[in-house]
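Asks: Please see the structure below; I have some questions.
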Amino acid sequence: MGQCSPSGRFLSRMEPRATAQTERKGGIGMAKIAIIGAGQVGASCAFALAQTGLARQIALADVREDKARGEALDIAHGAALLPSVRVEGGGYEVIDDADLAVMTAGANQAPGESRRDLLQKNITILRAAAGEIARRAP
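Residues in the sequence shown are numbered consecutively from 44, following the working numbering.
Here is the structure:
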């Protein structure tokens with residue numbers, strides 16, 4: 044089932060819906076999507092997103108800033124084969140003014156660590172990331 048955008052253009056279910064913010068930024072779709080966490084899930088998510096053309100800019104943020112920059116450079120290396128998208132990586136500063144934030148960060152379970160202890164670690168990570176998202180991309 045489809046619907047009409049504010050500009051009257053018919054959108055299918057798979058197309059991004061225009062918002063006042065995206066229309067101010069020059070068209071339909073997300074202008075900037077932030078991915079928090081540059082591990083296997085975050086890097087794969089950023090690569091898949093770059094292939095779709097849904098974002099004009101992808102910001103890959105991680106507390107390991109070099110890891111995020113490296114993953115972003117790997118994706119940007121194939122830019123000739125991707126839709127037009129700018130990919131950047133670094134610390135939380137790269138998520139400034141993002142239209143959407145995707146949380147993929149989390150800790151791996153250490154040998155002998157209980158699931159409850161792992162949950163506590165991941166709650167701490169989530170709270171820290173949520174604070175940064177609220178401050179930088181409200």
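Each residue gets a CB set at the ideal place from its N, CA and C atoms; glycine is no exception. Quick caveat: nothing in here was measured; it's all calculated off a predicted structure.
On the premise that Ile-78 lies in contact with Cys-88, defined as a C-beta separation below 8 Å, what is that separation, rounded to the nearest angstrom?
Replies: Rounded, the Cβ-Cβ distance is 6 Å, consistent with contact.
Asks: Let's test the definition: count the other Cβ atoms within 10 Å of the Cβ of Ile-138 and tell me whether it reaches 16, buried, or not, exposed.
Replies: With 16 or more other Cβ atoms within 10 Å, it is buried.
Asks: Using the beta-carbon count (16 or more within 10 Å), is Gly-121 buried or exposed?
Replies: Under this definition Gly-121 is an exposed residue.
Asks: Between Gly-133 and Ala-123, what straight-line distance do the alpha-carbon atoms span, to the nearest angstrom?
Replies: Roughly 22 Å between the two C-alpha positions.
Asks: Could you pull the start and end residues of the beta strand (DSSP E) that Asn-144 belongs to?
Replies: Here residue 144 is Ala; the residue named in the question, Asn, does not match the sequence. Its beta strand (DSSP E) spans residues 143 to 146.
Asks: Below 8 Å on the Cβ atoms is my guess for Ala-144 versus Ala-180; work out the distance and round it to an integer in Å.
Replies: The Cβ separation is near 6 Å, so the contact holds.
Asks: Confirm, please, whether the CB-CB distance from Gly-149 to Arg-118 is below 8 Å.
Replies: The sequence shown places Ile at residue 118, not Arg. Cβ atoms of Ile-118 and Gly-149: not closer than 8 Å.
Asks: Just list the residues that DSSP pairs Val-130 with in beta bridges.
Replies: Bridge partners of Val-130: Ile-101.
Asks: Can you give the beta carbon distance from Ala-74 to Gln-100, rounded, assuming they're within the 8 Å contact cut?
Replies: Right, the Cβ-Cβ distance comes to about 7 Å (below 8 Å), so this counts as a contact.
Asks: Please tell me whether Ala-177 and Tyr-135 are closer than 8 Å, where the distance is taken between their beta carbons.
Replies: Not in contact: Ala-177 and Tyr-135 (Cβ atoms no closer than 8 Å).
Asks: In the DSSP assignment, the alpha helix (DSSP H) including Val-84 goes from what residue to what residue?
Replies: Where Val-84 is concerned, the enclosing alpha helix (DSSP H) stretches over 83 to 95.
Asks: Could you tell me the alpha carbon to alpha carbon distance between Val-130 and Leu-116, rounded to whole angstroms?
Replies: So the alpha carbons of these two residues sit roughly 8 Å apart.
Asks: Could you give the residue range of the alpha helix (DSSP H) that holds Leu-116?
Replies: First-last of the alpha helix (DSSP H) with Leu-116: 108 to 120.
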